[in-house]
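Encoded as structure tokens, the structure appears first; notes follow it.
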Amino acid sequence: MILQKYFSQIKKFDWILLSITLLLVIFGLVAIYSIAVNMEESDYGLLIKQIIALILGIILVFVFGFIDYRTLRSYANLLYWLGVIALVGVLIFGTTIRGTKGWYSIFGQVFQPVEIVKILIIIFLSKYLSAKSSVGFNFKNLLVSFLFVTLPLGLVLFQPDLGSAAIFIVLWMGMIWLTKVKKSYMVLIIVFLILCFLVSWFFFLKDYQKDRIITFLQPNRDPLGQGYNITQSIVAVGSGQFWGRGLSLGPQSRLNFLPAKETDFIFSVIAEALGFVGSFFVLALFGLLFWRIVRIMRKSQDDFGIFLTWGILLMIVVQVFINIGMNLGLAPVAGLPLPFLSAGGSSLLVNLMAIGILQSVYLRQRKSIA
Numbered sequence: 366m367i368l369q370k371y372f373s374q375i376k377k378f379d380w381i382l383l384s385i386t387l388l389l390v391i392f393g394l395v396a397i398y399s400i401a402v403n404m405e406e407s408d409y410g411l412l413i414k415q416i417i418a419l420i421l422g423i424i425l426v427f428v429f430g431f432i433d434y435r436t437l438r439s440y441a442n443l444l445y446w447l448g449v450i451a452l453v454g455v456l457i458f459g460t461t462i463r464g465t466k467g468w469y470s471i472f473g474q475v476f477q478p479v480e481i482v483k484i485l486i487i488i489f490l491s492k493y494l495s496a497k498s499s500v501g502f503n504f505k506n507l508l509v510s511f512l513f514v515t516l517p518l519g520l521v522l523f524q525p526d527l528g529s530a531a532i533f534i535v536l537w538m539g540m541i542w543l544t545k546v547k548k549s550y551m552v553l554i555i556v557f558l559i560l561c562f563l564v565s566w567f568f569f570l571k572d573y574q575k576d577r578i579i580t581f582l583q584p585n586r587d588p589l590g591q592g593y594n595i596t597q598s599i600v601a602v603g604s605g606q607f608w609g610r611g612l613s614l615g616p617q618s619r620l621n622f623l624p625a626k627e628t629d630f631i632f633s634v635i636a637e638a639l640g641f642v643g644s645f646f647v648l649a650l651f652g653l654l655f656w657r658i659v660r661i662m663r664k665s666q667d668d669f670g671i672f673l674t675w676g677i678l679l680m681i682v683v684q685v686f687i688n689i690g691m692n693l694g695l696a697p698v699a700g701l702p703l704p705f706l707s708a709g710g711s712s713l714l715v716n717l718m719a720i721g722i723l724q725s726v727y728l729r730q731r732k733s734i735a
């Protein structure tokens, strides 16, 4: 009987959403494979780790799909503080990778807690904002919600991880916007954030972070230094032309001109190997993914589900735009992965967990979906 219940639920999953997700992951695996082939002695370790993360992630999709998403509301406060503790702990016990002390190393495997904290903040804000917006959202609620985001935001800046900090700010602003907050409040928020940026520029940002922003504005200023990453990425994208150079045949990735090609610049690897056609297909898949998530959000019949779905959509959309923007020279290098495609178990697991939560919202509102 229990198995029959689960199988009947599985049949009601949004299989279009799951299929799109898996196609994106497959694109990422193909790109990682092409990178592994080009390495000396063909190192497939990264590919194997990504496949293991995929298997675990698929399990998470079904686990969170079966769990009623409204249960998360009851544990939102606890989950938030566990996330804060994880961020404090990584500053004390964490491992430093590429200048950021943001990873736990456990039995030789690394995990980046900020990835799971993104989801935990979405859950917490969904609970808080859905409760407050039902009785009228005011300036006090705005300030309190900002203070709750400021704590993990500050801890992430101490790592420092500027890209994830930007995600936290966008998540907060985007979810606040859904409350139909007064326009005057939004103006105050924008002015405040500009002031925060100016203060950070003069007192908190490190030289390499300033260089990334300046390089974004003037990529040709130092093409062999700070502008090297963006320059090589743009060359890789352009060299793919219409049909691409073929897997493992692109000179930028094959000859290791392209840095961080399995993570930050994996879109450039795809563009070089599969050209405009492959790049367009990836973008089309993301467009379909966004459409399915919006569809689930519009059919959700409770505020918590709407905020939760909207927050997950924001998290994925912003990372996609920033990462691809980085690859095209339209955004500064922020160290953000491309969801579902970039190598990295932490990111893949959390994004698949998010898909599981979306499935839960979809299942609970299944009768209302035409």
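Numbering (our numbering), first residue to last: 366 to 735.
Yeah, the Cβ is synthetic: ideal placement off N, Cα and C, and Gly gets one too.
Please name the residue in L728, F705, G721 and F655 whose C-alpha comes closest to that of Q415.
Numbered from its first residue, the sequence shown carries residue 415 at position 50. If we check each option's Cα against that of Q415, F705 comes out closest.
Quick check on the burial criterion: 16 or more other C-beta atoms within 10 angstroms. Buried or exposed for P624?
In the sequence shown, the residue the question calls residue 624 occupies position 259. The residue in question, P624, is exposed, as its Cβ has fewer than 16 Cβ neighbours within 10 Å.
Exposed or buried, what is A601 when buried is set at 16 or more other beta-carbons lying within 10 Å of its beta-carbon?
In the sequence shown, counting from the first residue as 1, residue 601 sits at position 236. So A601 counts as buried.
Taking the C-alpha atoms as reference points, what is the distance between I534 and G430?
By 1-based counting over the sequence shown, the position of residue 534 is 169. By 1-based counting over the sequence shown, the position of residue 430 is 65. Their backbone Cα atoms lie some 28 Å apart in a straight line.
Going by the beta-carbon positions, is the gap between G422 and L713 smaller than 7 Å?
Locating residue 422 in the sequence shown gives position 57, where the first residue counts as 1. Locating residue 713 in the sequence shown gives position 348, where the first residue counts as 1. Cβ distance < 7 Å, so G422 and L713 count as in contact.
Below 6 Å CB to CB, which residues in the same chain sit around G721 once its five sequence neighbours on both sides are set aside?
Here the question's residue 721 lines up with position 356 in the sequence shown. Here the set comprises L425, V426, F429 and G430.
Alpha carbon to alpha carbon, how far is G393 from L443? Give it in angstroms, no decimals.
Here residue 443 corresponds to residue number 78 of the sequence shown, with the count starting at 1. Here residue 393 corresponds to residue number 28 of the sequence shown, with the count starting at 1. Answer to the nearest angstrom: the Cα atoms are 34 Å apart.
Check whether the stretch 433–441 and the stretch 478–497 are in contact - that is, three or more C-beta pairs closer than 8 Å.
Yes, they touch.
Is it true that the CB of V698 sits closer than 7 Å to the CB of N594?
Position 229 of the sequence shown holds residue 594. Position 333 of the sequence shown holds residue 698. Contact: yes.
Tell me whether Q374 sits in a helix, a strand or coil according to DSSP, three-state version.
To locate residue 374, count along the sequence shown from 1; it is residue 9. Three-state DSSP puts Q374 in a helix.
For N506 and W380, what's the separation of their Cα atoms in angstroms?
Within the sequence shown, numbered from 1, the residue matching residue 506 stands at position 141. Within the sequence shown, numbered from 1, the residue matching residue 380 stands at position 15. Taking the straight line from one Cα to the other gives about 38 Å.
Report all residues from its chain with a CB closer than 8 Å to the CB of K575; omit the five preceding and five following residues, and keep chain order.
Position 210 of the sequence shown holds residue 575. W566.
Could you pull the start and end residues of the beta strand (DSSP E) that F476 belongs to?
As a first step, residue 476 must be located in the sequence shown, where it is residue number 111. Here the beta strand (DSSP E) through F476 covers Q474 to F476.
Taking buried to mean at least 16 other C-beta atoms within 10 Å of its own C-beta, is Y434 buried or exposed?
Along the sequence shown, one-based indexing puts residue 434 at 69. Counting Cβ neighbours within 10 Å, Y434 comes out buried, since at least 16 surround it.
Using the C-alpha atoms, what's the distance from G448 back to Q666?
Taking the first residue of the sequence shown as 1, we reach residue 666 at position 301. Taking the first residue of the sequence shown as 1, we reach residue 448 at position 83. When rounded, the distance between both Cα atoms is 28 Å.
Just the C-alpha distance for L673 and L653, rounded to the nearest angstrom, thanks.
In the sequence shown, residue 673 corresponds to position 308, counting from 1. In the sequence shown, residue 653 corresponds to position 288, counting from 1. The straight-line gap from Cα to Cα measures roughly 19 Å.
Does the stretch 503–523 come close enough to the stretch 635–647 to have 3 or more Cβ pairs within less than 8 Å?
The answer is no - the stretch 635–647 does not touch the stretch 503–523, with fewer than three Cβ pairs under 8 Å.
How would you label G709, buried or exposed, when you count the other beta carbons within 10 angstroms and need 16 or more for buried?
For the purposes of this step, residue 709 is identified with residue 344 of the sequence shown, where counting begins at 1. Buried, by the Cβ-count rule.
Check W468 in the structure and name its three-state DSSP category.
Translated into the one-based positions of the sequence shown, residue 468 becomes position 103. Looking at W468 - three-state DSSP - the assignment turns out to be strand.
Could you give the C-beta distance for W542 and S510, rounded to a whole number, given that I count them as a contact under 8 Å?
Here the question's residue 542 lines up with position 177 in the sequence shown. Here the question's residue 510 lines up with position 145 in the sequence shown. Between S510 and W542 the Cβ distance is about 12 Å, and since that is not below 8 Å, they are no contact.
Quick check on the DSSP output: the alpha helix (DSSP H) that includes T436 runs from which residue to which?
Within the sequence shown, numbered from 1, the residue matching residue 436 stands at position 71. Segment T436 to S439, the alpha helix (DSSP H) holding T436.
If you count every other CB in all the chains shown that lies within 10 Å of the CB of L695, and 16 or more means buried, which is it?
Numbered from its first residue, the sequence shown carries residue 695 at position 330. L695 is exposed by the Cβ-count criterion.
Would I397 and E627 qualify as a contact pair, given that the criterion is a beta-carbon distance under 7 Å?
Counting from one through the sequence shown, the residue named residue 397 turns up at place 32. Counting from one through the sequence shown, the residue named residue 627 turns up at place 262. Taking 7 Å as the Cβ cut-off, I397 and E627 qualify as a contacting pair.
With DSSP as the reference, label A735 as helix, strand or coil.
In the sequence shown, the residue the question calls residue 735 occupies position 370. Annotation note: pLDDT 37 at A735 (below 50); position unreliable, coordinate value reported separately. If DSSP states are grouped into helix, strand and coil, A735 belongs with coil.
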